[in-house]
Amino acid sequence: MAESEMVRLTREEIDHAALLEEVRTHAAGAAVLFLGTVREMTNGRQTIALDYDAYPEMAIAKMRSLCDEALERFPLTGVRVEHRLGRLELGDVSIAVAVSSPHRAAAFDAGRMLIDRLKEEVPIWKKENWADGSTEWVHPGLDGATSQSGPGEEARP
Amino acid sequence: MAESEMVRLTREEIDHAALLEEVRTHAAGAAVLFLGTVREMTNGRQTIALDYDAYPEMAIAKMRSLCDEALERFPLTGVRVEHRLGRLELGDVSIAVAVSSPHRAAAFDAGRMLIDRLKEEVPIWKKENWADGSTEWVHPGLDGATSQSGPGEEARP
Amino acid sequence: MNVSVQLFARARDLAGAGSVSVELPEGATVGEVRAALAKAYPALQPIAPSLLVAVDADYATDAQRLQPGQVVACFPPVSGG
Amino acid sequence: MNVSVQLFARARDLAGAGSVSVELPEGATVGEVRAALAKAYPALQPIAPSLLVAVDADYATDAQRLQPGQVVACFPPVSGG
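Those sequence lines, one after another, are chains A, B, C and D.
Residue numbers for the first sequence, in the working numbering: 936 to 1092.
Residue numbers for the second sequence, in the working numbering: 936 to 1092.
Residue numbers for the third sequence, in the working numbering: 2 to 82.
Residue numbers for the fourth sequence, in the working numbering: 2 to 82.
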């Protein structure tokens, strides 16, 4: 059933409380839940919403292999990763990572590793919808070739 | 009101979902929730329950000063710490730490600092109720002078 | 062989399509896919060196040779989380 | 002066009380409280060197002098979390 999948993509609100419950077990002494949330200000610019898009088959495969790697490197008793796609408003949860472990060090380290690596490797992209009406795909390292468009315009280089 | 206190002691179940909500804000891009939960096995011994006791006035004061220190050291947008006291069964949440920050590094680091320092400095103690019927206050560094008692017996040195 | 390439994010916007086709010799490399894309879709030229190519849902190097039937995708650096 | 000392966890169990009184000269130090406790409650002797003393809800050093009216507590190493 979908509820027991280790990794998930969703277009609905992420039920992070349920995700956290799924990693809790009597074998664990620690659980860490990380939430990425839509922040209003980035480098002095105001966001009104983010659009998240993914290459779903590969995103799922990459998220799964990151979880497998975390399970190999750390003595975890549970791991779940869920990413939301589509339009997200300010404060919405874009990503939830939940891990549990007998002891806290592994739970913190695994949670941190999962979100760090996910941001580098998983084919998901966010588009900023700035308060000034422009939009911009976020592609780290591509600043010299930004793609912006005003409201109602087609995207252009 | 009690709900907005930065630090809390409670004898009820910790509403960690509510705690996490309290640190979420549009200024944050990351939130980290840490839960300490009652683990069944410790060094090969089976626990059936833990009893937590505190020196409440000092515990609250110390928890508050740890949060103040975290707010000074890290660019946090929210911090909450709640510890449960009394009898806890397997899997129960004994402690919840929730922090939020514009970026994830500070949220992870502050959460880790808070739980690490709480375990060293805040006057709260746990008593193991082992499956063999014995009980034992946990006092790190006092292993040479353990205090155990069988069921129904008075504690003895 | 005709290779269908899925595009995402800014690459899709620049090409104006989520999936495009390029004609390549049998046994072409991933690097040749990238070059053919930039030639067929000049709007992709400025970001072509940074485009990542995935074959069968895994990152591929430019030297890797394509087999018929493999699924190819091309996209700029990721920004999830 | 008569100093009331709150005890916690194993210290309370060993002394058999959550609060005990010890008689000390005016201006006694925290170290003297610890020594007086161990003398009045021999069961505390084995853990006395590890006992922590708090004055007015803050950790105190053995050299610190007590003022009348201060709240004193004594307990073994903490294990919350």
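All C-beta atoms in this analysis are idealised placements derived from N, C-alpha and C, irrespective of residue type, glycine included.
Look at residue i and residue j and say whether their C-beta atoms are less than 9 Å apart.
{"i": "E947(B)", "j": "R1015(B)", "result": "no"}
{"i": "L1025(B)", "j": "A984(B)", "result": "yes"}
{"i": "R11(D)", "j": "W1060(B)", "result": "yes"}
{"i": "Q7(D)", "j": "V56(D)", "result": "no"}
{"i": "A989(A)", "j": "L944(A)", "result": "yes"}
{"i": "F1043(B)", "j": "G1046(A)", "result": "yes"}
{"i": "A1040(A)", "j": "I949(A)", "result": "no"}
{"i": "A29(D)", "j": "A37(D)", "result": "yes"}
{"i": "P1075(B)", "j": "V79(D)", "result": "yes"}
{"i": "L1095(A)", "j": "A965(B)", "result": "Because residue 1095(A) is not part of the residues shown, which for chain A are 936 to 1092, the question remains open."}
{"i": "L1053(A)", "j": "G81(C)", "result": "yes"}
{"i": "L53(C)", "j": "Y60(C)", "result": "yes"}
Does residue i have its Cβ less than 9 Å from a Cβ in chain D?
{"i": "H1074(B)", "result": "yes"}
{"i": "V1057(B)", "result": "yes"}
{"i": "W1065(B)", "result": "no"}
{"i": "G1046(B)", "result": "no"}
{"i": "L954(B)", "result": "no"}
{"i": "S1029(B)", "result": "yes"}
{"i": "L1025(B)", "result": "no"}
Let me confirm a value: residue i is counted as buried when at least 16 other C-beta atoms fall within 10 Å, else exposed. Which label applies?
{"i": "Q981(B)", "result": "exposed"}
{"i": "K40(D)", "result": "exposed"}
{"i": "P77(C)", "result": "buried"}
{"i": "A1066(B)", "result": "exposed"}
{"i": "E1063(A)", "result": "buried"}
{"i": "S1035(B)", "result": "buried"}
{"i": "S1029(A)", "result": "buried"}
{"i": "P1093(A)", "result": "With chain A covering 936 to 1092 only, the question about residue 1093(A) has no answer from this structure."}
{"i": "D14(D)", "result": "buried"}
{"i": "T977(B)", "result": "exposed"}
{"i": "E1055(B)", "result": "exposed"}
{"i": "G17(D)", "result": "exposed"}
{"i": "M2(C)", "result": "exposed"}
{"i": "P1086(A)", "result": "Interpretation of P1086(A) is limited by its pLDDT of 40, a score under 50 that renders its predicted location unreliable; the figure taken from the coordinates is listed afterwards. Burial call: exposed."}
{"i": "R66(C)", "result": "exposed"}
{"i": "D1027(A)", "result": "buried"}
{"i": "E27(C)", "result": "exposed"}
{"i": "E1017(B)", "result": "buried"}
{"i": "V973(B)", "result": "buried"}
Please return the same chain residues whose Cβ sits closer than 7 Å to the Cβ of residue i, not counting the five positions on each side in sequence.
{"i": "M993(B)", "result": "P1058"}
{"i": "T1081(B)", "result": "Any reading at T1081(B) must be qualified, since the residue scores a pLDDT of 45, below 50, and its modelled position is unreliable; the value itself is stated next. Excluding sequence neighbours, T1081(B) sits near E1071."}
{"i": "I995(B)", "result": "V942, L944"}
{"i": "E975(A)", "result": "Q981, T982, L1025"}
I'd like the list of long-range same chain contacts for residue i, defined as Cβ closer than 6 Å, with 5 residues on each side in sequence excluded.
{"i": "D63(C)", "result": "V31, G32"}
{"i": "A1033(A)", "result": "L954, L955, V958, L968, R1015"}
{"i": "A962(B)", "result": "T1012"}
{"i": "K997(A)", "result": "E1056, V1057"}
What are the start and end residues of the beta strand (DSSP E) that includes residue i?
{"i": "S1000(A)", "result": "First-last for S1000(A): 991-1008, but that is the alpha helix (DSSP H), not the beta strand (DSSP E)."}
{"i": "F76(D)", "result": "73-76"}
{"i": "R35(C)", "result": "That residue, R35(C), is in no beta strand (DSSP E); its alpha helix (DSSP H) goes 31-41."}
{"i": "R1019(B)", "result": "1013-1019"}
{"i": "R943(A)", "result": "942-945"}
{"i": "G971(B)", "result": "965-972"}
{"i": "T1070(A)", "result": "1070-1072"}
Would you please verify whether the beta carbon of residue i is less than 9 Å from any beta carbon of chain B?
{"i": "S20(D)", "result": "no"}
{"i": "V23(D)", "result": "no"}
{"i": "G39(D)", "result": "Gly is not the amino acid found at residue 39(D); the sequence shown has Ala there. Chain B contact via Cβ: absent."}
{"i": "E957(A)", "result": "no"}
{"i": "Q71(D)", "result": "no"}
{"i": "A984(A)", "result": "no"}
{"i": "E975(A)", "result": "yes"}
Taking 9 Å as the CB-CB cut-off, is residue i touching chain C?
{"i": "M993(A)", "result": "yes"}
{"i": "D1003(A)", "result": "no"}
{"i": "H1018(A)", "result": "yes"}
{"i": "L1050(A)", "result": "Note on residue identity: the sequence assigns Ile, not Leu, to residue 1050(A). Chain C, which has a Cβ nearer than 9 Å to the Cβ of I1050(A), makes this yes."}
Does residue i come within less than 9 Å of chain A when only Cβ atoms are used?
{"i": "F1043(B)", "result": "yes"}
{"i": "L67(C)", "result": "no"}
{"i": "R1015(B)", "result": "no"}
{"i": "V1(C)", "result": "Because chain C is modelled from 2 through 82, residue 1(C) falls outside the range shown and cannot be assessed."}
{"i": "D14(C)", "result": "yes"}
{"i": "F1009(B)", "result": "no"}
Could you spell out the range, first to last residue, of the alpha helix (DSSP H) harbouring residue i?
{"i": "I1050(A)", "result": "1039-1056"}
{"i": "V958(B)", "result": "951-958"}
{"i": "L8(C)", "result": "Note, L8(C): premise wrong, no alpha helix (DSSP H); beta strand (DSSP E) at 3-8."}
Among the residues of its own chain, which have a CB less than 8 Å from the CB of residue i, if the five just before and after it don't count?
{"i": "S22(D)", "result": "N3, V4, S5, V6"}
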